[in-house]
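**Q** One structure follows; several queries about it will come next.
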C-alpha cells in the first residue's frame, strides 16, 4: 500500500524513485542510471503505428506514436514507461521511428540539453 499523500496544495511521495520519475524531463534513463549508479537499458515492449510517414512531420502536422518500454537495471524492471511522442520535424521523426532511438538517446546527438524535443 502506498503512503503517498495529497491535499489541495501539496503532494508527498515517500519513495525517492517516485520523486525522481516526476522530476525527469525526457531523460529518465540517465537520471535512473545516476541514482542506481548502474547502466539502464531500454526494453521495447510495444508501440503503436506512427500517425503518418516521417516525411509528413511538420509543426503544423506532427507525427505521433505511443510506446511502452521497460527501463532495465541488471535484468530487473526499474520503471515501466508509456509515452506519446509528438515529432514536428523529419529528422527527429526519422530517429524515433526508423532508427528506433529511445527518448533518452535523443539528448546525445543534439546539443539542446534539457530543452524541449521538437
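In full-length UniProt numbering, the protein residues as written are 1 to 118.
Each residue gets a CB set at the ideal place from its N, CA and C atoms; glycine is no exception.
When burial is assigned at 16 or more other CB atoms within 10 Å of the CB, is residue 28 buried or exposed?
**A** Classification of residue 28: buried, given that the 10 Å Cβ count is 16 or more.
**Q** Do residue 19 and residue 47 have their C-beta atoms within less than 8 Å of each other?
**A** The answer is no: Cβ separation not under 8 Å.
**Q** Just verifying my parser: in three-state terms, what is the DSSP assignment at residue 55?
**A** Helix at residue 55.
**Q** In this structure, does DSSP put residue 118 in helix, strand or coil?
**A** Any reading at residue 118 needs caution, since the residue's pLDDT is 47, under 50, leaving its predicted position unreliable; the model's value is listed next. Residue state, collapsed to three classes: coil.
**Q** Give the DSSP-derived three-state secondary structure of residue 20 in the structure shown.
**A** DSSP places residue 20 in helix when its eight states are reduced to three.
**Q** For residue 128 versus residue 98, is the C-beta distance shorter than 8 Å?
**A** No answer is possible for residue 128: it lies beyond the span of the chain, which begins at 1 and ends at 118.
**Q** What residue from 102, 73, 58 has the CA that sits closest to residue 134's CA?
**A** The chain is shown only over 1 to 118; residue 134 falls outside these bounds and no answer can be derived.
**Q** Return the first residue and the last residue of the alpha helix (DSSP H) that residue 50 is part of.
**A** Counting along the chain, residue 50 falls outside any alpha helix (DSSP H), and DSSP gives it neither H nor E.
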